[in-house]
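Q: One structure, pasted below without further comment.
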Ligand code: RUQ
Ligand code: CUA
Ligand code: CA
């Protein structure tokens, strides 16, 4: 074979772009005035030299067969819509929790139980989740719930961490696109704080189609975490990006990148400073208690006005100018600082939380007096995370780096001292968004592992066509130096993740029969006089057919379901197996029906028997040597 005809290994195609050149024109546009500073350079390492350098550290992260990981990681699945559970440090994917998507394996979006949880929004088949956060008690993860936003359809979902299933979902009214989401940390997670990102006209009924004039705003939202109902909304100036809460229970803060209220890219970058808006939770609660709120048409949630009027502040909010289109907002685990990440400015702004009482009391002429440091870290700072030893770790999107910096030193530098606050800059591959250190959002931040979620993987993995995976990288931060130990390809698009120690999460092994997850289905059976744990019964009720059956490896309790064309059939299955891990499924061929029934679980699904004839159903979770034989038939008589 001549060289010309030799098959080319496309995986080995030379990498033609340098790390910094990679983003090209798009990045330069969005980096606006910063492009000039991109001349700073660092040596570009090859993939091979990375592999060699990482070898030693990788051994410390190795989790051998039979060993368990020390941490749970909960990953946002981004616009794929699910939450993923990973073991850290192995970075092995342990489970997927469908939330804002449809899932064929478990029947999420197909079963009656999941549709009841999704409510009105079950009609949507897409989602865009960003920010997973674990409920807290006294500033520590309590392992009860995980909350996550859906930017695409303005929803918030809750996952029960004992069963690792979504158990509640609400659509936030009066706003569009929930982006930032964080939890009240102290005294416990009473509220889920969630930012409505986009400014919309009010009312948004088509009478005003211009977002730059007339009554228009977005709102900061609080959801009652236990009831999963709206608690309050606060109108703001500008828009809202990311948020976090403090360790007193009194304040939450959010970044705004569009103080301009613009509708175009140029307009949104016009101001040199946008702001952080601080919310006074106590003042908000007091106003609601005193009945000093309004409601908007169509929803009873109390709404407060946190906008400035004629330059005067409301009792509920303060606006702190920070540069420029800030993005991430992160509370340091010692409870001292809110840190706003500058994005289009190479700086982060460090806000001292203990000065906020004074800010609300009118102590400061200039709200920027609450800022105690504004260190210059590099290009495109997006998110900061912490090791509990006084260091911040900030992602630099444009530089493709994580920078480790000393918060106290940055404060001293801001006060004029000559001190170097930058400890290390580590190249990551490539363009990192969020980063997240173990236990970092709690008092227990332990500075062991750092996960960096890179938006581009470029040359790091075998090629998969034009669509590349993301690259979630694991960095050992236990020592003085950050060490990259693992590259992890992930599917679109983990915006954010959270790491909890395994002792903080307590999942159950088999379902409890009285679990509220399927309580409505149990109640329905009771109305039909059916004992789910024993009975195999078919109940005909007009053109409704309700089938109650048990499953036990390797047999369904009912193997023939006679019905008439056009009947609405509900199949309810209770898995009597008591053995851990023996999950059954129910899949009806050519009907789009499929669901999971784990040990001691009850699941149900409703469909129309619209095709006359014989239709096989089978167990689609491999459960037994005779799993293939675990079948039955739907017998549909023509109408
Ligand atoms: S955002 S890459 Cu949706 Cu959390 Cu910052
Ligand atoms: Cu039951 Cu497979
Ligand atoms: Ca702006």
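Numbering (this note's numbering), first residue to last: 227 to 865. Every residue, glycine too, gets a C-beta built ideally from N, C-alpha and C.
Measure the C-alpha to C-alpha separation of residue 268 and residue 623 and round it to an integer number of angstroms.
A: Summary for residue 268: the model assigns pLDDT 46, below 50, so the residue's position carries little reliability, and this model does not support an answer.
Q: Is residue 847 near ligand 2, with its Cβ less than 7 Å from a heavy atom?
A: yes
Q: Around ligand 1, what residues have a beta-carbon under 6 Å from a heavy atom of it, in chain order?
A: 356, 357, 405, 468, 553, 554, 608, 609, 659, 660, 721 and 722
Q: Ignoring anything shorter than 3 residues, give me the beta strand (DSSP E) runs that lie fully in the segment 423-466, in order along the chain.
A: List check, beta strand (DSSP E) in window: 442-450 and 455-462.
Q: Which residues bound the alpha helix (DSSP H) around residue 544?
A: Not the alpha helix (DSSP H): residue 544 falls in the beta strand (DSSP E), residues 543-549.
Q: Are the segment 515-527 and the segment 584-599 touching by the rule of at least three beta carbon pairs closer than 8 Å?
A: no
Q: Note the first and the last residue of the continuous beta strand (DSSP E) segment covering residue 716.
A: Its beta strand (DSSP E) spans residues 709-716.
Q: Measure the CB-CB distance between residue 399 and residue 524 and report whether it falls below 8 Å.
A: yes
Q: Check whether the Cβ of residue 483 lies closer than 7 Å to any heavy atom of ligand 3, and answer yes or no.
A: yes
Q: Identify, in the order they occur along the chain, each residue of the same chain with its Cβ nearer than 8 Å to the Cβ of residue 389, setting aside the five sequence neighbours on each side.
A: 733, 734, 737, 741 and 743.
Q: Between the alpha carbons of residue 863 and residue 816, how many angstroms are there, rounded?
A: 17 Å
Q: What does the Cβ neighbour count give for residue 683, buried or exposed, with the cut at 16 atoms within 10 Å?
A: buried
Q: Taking C-beta to C-beta, are residue 308 and residue 325 nearer than 8 Å?
A: yes
Q: Less than 8 Å between the C-beta atoms of residue 569 and residue 547, yes or no?
A: no
Q: Measure the C-alpha to C-alpha separation of residue 758 and residue 826 and round it to an integer number of angstroms.
A: Approximately 10 Å, taken between the alpha carbons.
Q: Could you tell me which of 497, 478 and 645 sits nearest to residue 486, measuring between CA atoms?
A: Closest option to residue 486, Cα to Cα, is 497.
Q: Do you know whose CA, among 663, 327 and 479, lies nearest residue 575's CA?
A: Measuring from the Cα of residue 575, the nearest candidate turns out to be 479.
Q: Specify the secondary structure class of residue 533 as computed by DSSP and reduced to three states.
A: coil
Q: Under 6 Å Cβ to Cβ from residue 866, same chain only, skipping five residues before and after it: list those, please.
A: For the chain, the structure presents residues 227 to 865; residue 866 sits outside this window and is missing.
Q: Decide if the segment 637-647 is in contact with the segment 535-549; the criterion is three or more beta carbon pairs, one per stretch, under 8 Å apart.
A: As far as the Cβ criterion goes, the segment 637-647 does not touch the segment 535-549, which means the pair count is below three.
Q: With a 10 Å radius around its C-beta and 16 neighbouring C-beta atoms as the bar for buried, classify residue 351 as buried or exposed.
A: exposed
Q: Counting only the same chain and skipping the five closest in sequence on each side, list residues whose C-beta sits under 6 Å from that of residue 373.
A: 359, 384 and 418
Q: Output yes or no for whether 8 Å exceeds the beta carbon distance between residue 577 and residue 597.
A: Cβ atoms of residue 577 and residue 597: closer than 8 Å.
Q: Could you check which residue in 687, 327 and 296 has the C-alpha nearest to that of residue 310?
A: 327
Q: Could you tell me if the beta carbon of residue 497 falls within a distance shorter than 7 Å of some heavy atom in ligand 3?
A: yes
Q: Quick check on the DSSP output: the alpha helix (DSSP H) that includes residue 563 runs from which residue to which?
A: From DSSP, residue 563 is part of no alpha helix (DSSP H) but of the beta strand (DSSP E) over 563-567.
Q: Express the C-alpha separation of residue 509 and residue 539 in angstroms, rounding to a whole number.
A: Their Cα atoms are separated by approximately 13 Å.
Q: Quick check: what's the CA-CA separation for residue 264 versus residue 613?
A: For residue 264, the predicted structure reports a pLDDT of 37, less than 50, and the residue's modelled location is therefore unreliable. The matter cannot be settled from this model.
Q: To the nearest angstrom, how far is it from the Cα of residue 646 to the Cα of residue 573?
A: 15 Å
Q: State yes or no: is the C-beta of residue 423 nearer than 7 Å to some heavy atom of ligand 3?
A: no
Q: Residue 376 by DSSP, collapsed to three states: which one?
A: Looking at residue 376 - three-state DSSP - the assignment turns out to be strand.
Q: Need the endpoints of the alpha helix (DSSP H) that residue 804 sits in, please.
A: Neither: residue 804 is in no alpha helix (DSSP H) and is coded neither H nor E.
Q: Over the uninterrupted alpha helix (DSSP H) stretch that includes residue 606, give me the two end residues.
A: Run containing residue 606: none; DSSP gives neither H nor E here.
Q: For the alpha helix (DSSP H) that contains residue 507, what are its first and last residues?
A: 507-515
Q: With a floor of 4 residues, list each alpha helix (DSSP H) that falls wholly inside the segment 616-658, ordered by position along the chain.
A: 633-640
Q: Let me check you understand the geometry: is the CB of residue 662 closer than 7 Å to at least one non-hydrogen atom of ligand 2?
A: no
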